[in-house]
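If you're matching positions, the sequence shown starts at 1040 in this note's numbering and goes up one per residue. All remarks here apply to the structure that follows.
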Amino acid sequence: MLEGKNIILGVTGGIAAYKALELTRLLKKEGACVWPVMTDAATKFIGPLSLATLAGNPVYTDIFTLDRASIDHIELADRADLLAVVPATANLIGKVASGIADNLLTTVIMASPAPVLIAPAMNHRMYANPVVRANIEKLEELGYLFVGPERGELACGWEGEGRLAKIEDVMDAVKAALSPKDLEGEKVLVTAGATREPIDPVRFISNASSGKMGYALARAARRRGAEVVLVSGPVHLADPPGVTVKRVESSAEMRDEVLIHYPQSTVVMMAAAVSDFRPVLRRTGKIKKDTEPIALELERTPDILMEMGRNKDERFLVGFALETEDLVGNATEKLREKNLDIIVANGPEAIDSDTSRVTLIDRGGGVENLSPMDKEEIAERLLDKVVSMKKAG
Ligand code: C5P
């Protein structure tokens, strides 16, 4: 997603400046070209050499020492796809909001036509200061993008709102700023993770599923402008930013929650590994190990997606199929049976992994084998297909 994108990374003088190093590494890993611009104060917190080494580009600091033969601040501003200021001090925010351009970073921000993403980080009282609030509000109205800050422990020893957003959330905001907003106006419902079908108060039947695919889809749909509801089984993943997350346990709870959101949804992507069976009886007390060997009587759970497929109307439905044999044949049968537009087929090696090798099968019989890739990237490719199929009608 970030391949070849020119990102000017502004770093200002706060203790969180060291986090810009990790951000630079992640941006580079995803293929971005990072052009760091530091304020004087930032250079007191981290060494420009560290940033230059990670970025693989020179660090610009002083407006008067730029080598005119190769680059000037206008050129720097012109080449940017995005300007990200991470971390941004109250001082930087105040200057930008007031139209002050007295150093290289503020000059570049003023001269650039690219979107500007600001990640504030400061003491909680500074962040609560009405002047800072008014500056942020003004910039938001003007179209500047913000990520964070979040609540947490602050470097000054206090606890409060002012901590730099998590680097994963900054990465997500960078991608969102560079994403096409081709799902604007869509209401997307995503399910993720496995369900748990209780046997007794402490035991359950479940599936091996990390929820990574569904969470990646929810994040990507949100970045592309959709309003997203994510119905999730128990997983160890952070809530995607800007997404309404509903947590459930059993398939019955998942069905109830999904059916609340289904009527107003325009796109549904069912990535959850819903248990196919559940115990007929849920025992109220914990089963003792010294009881006689017991047999569990199981019944089928409701097939949520099948039910949605029967009341599909204009909605776009995406299902997932994990198959151990005849991947395309079995998945295609499910696509027809459940009245889906696309089914994403993969093998068991996808479970818990960050990557997967999937086959996208559409209702017209199109079969597309994607090479093994990150689930974040699969999410983008799948959404590309959803958008193009919806456009074609
Ligand atoms: O038939 P199978 O369970 O393999 O189909 C998988 C697809 O159906 C997935 O998208 C899964 O989320 C959905 N599903 C469901 N309700 C079930 C079982 C599966 O919605 N009870």
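Don't be surprised by glycine CBs; every beta carbon is placed ideally from N, CA and C.
- No Cβ-Cβ contact shorter than 9 Å links residue 1046 with residue 1151.
- Taking the CA atoms as reference points, residue 1367 sits about 10 Å from residue 1373.
- By a beta-carbon distance limit of 8 Å, residue 1175 contacts residue 1132. Their separation comes to about 6 Å.
- Burial of residue 1248 is indicated by the presence of at least 16 other C-beta atoms within 10 angstroms of its C-beta.
- Rounded to the nearest angstrom, the gap between the Cα atoms of residue 1082 and residue 1049 is 12 Å.
- Judged by DSSP secondary structure, residue 1058 falls within the alpha helix (DSSP H) whose first and last residues are 1058 to 1068.
- For residue 1413, the three-state secondary structure derived from DSSP is strand.
- Excluding its 5 nearest sequence neighbours in each direction, residue 1412 has C-beta neighbours in its own chain below 7 Å: 1394, listed in chain order.
- Residue environment for residue 1166: buried (at least 16 other C-beta atoms within 10 angstroms of its C-beta).
- Between the C-alpha atoms of residue 1146 and residue 1158 there is a straight-line separation of about 18 Å.
- For residue 1284, the beta-bridge partners assigned by DSSP are 1269.
- Collapsing the DSSP output to three states places residue 1340 in coil.
- In the pairwise beta carbon analysis, the segment 1223 to 1235 is classified as not touching the segment 1198 to 1211: fewer than three pairs are separated by under 8 Å.
- Ranking 1168, 1258, 1173 by CA distance to the CA of residue 1211 puts 1258 first.
- Here DSSP, grouped into helix, strand and coil, assigns residue 1385 to strand.
- When the beta-carbon positions are compared, residue 1382 and residue 1409 stay at least 9 Å from each other.
- Under the 8 Å Cβ criterion, the segment 1053 to 1064 counts as touching the segment 1122 to 1131, having at least three qualifying pairs.
- For residue 1201, the enclosing beta strand (DSSP E) begins and ends at 1198 to 1202.
- By the CB criterion at 9 Å, residue 1143 and residue 1117 fall outside the cutoff.
- Spatial neighbours of residue 1396 in its own chain (CB-CB distance under 6 Å, excluding positions within 5 residues in sequence) are listed in chain order as 1411.
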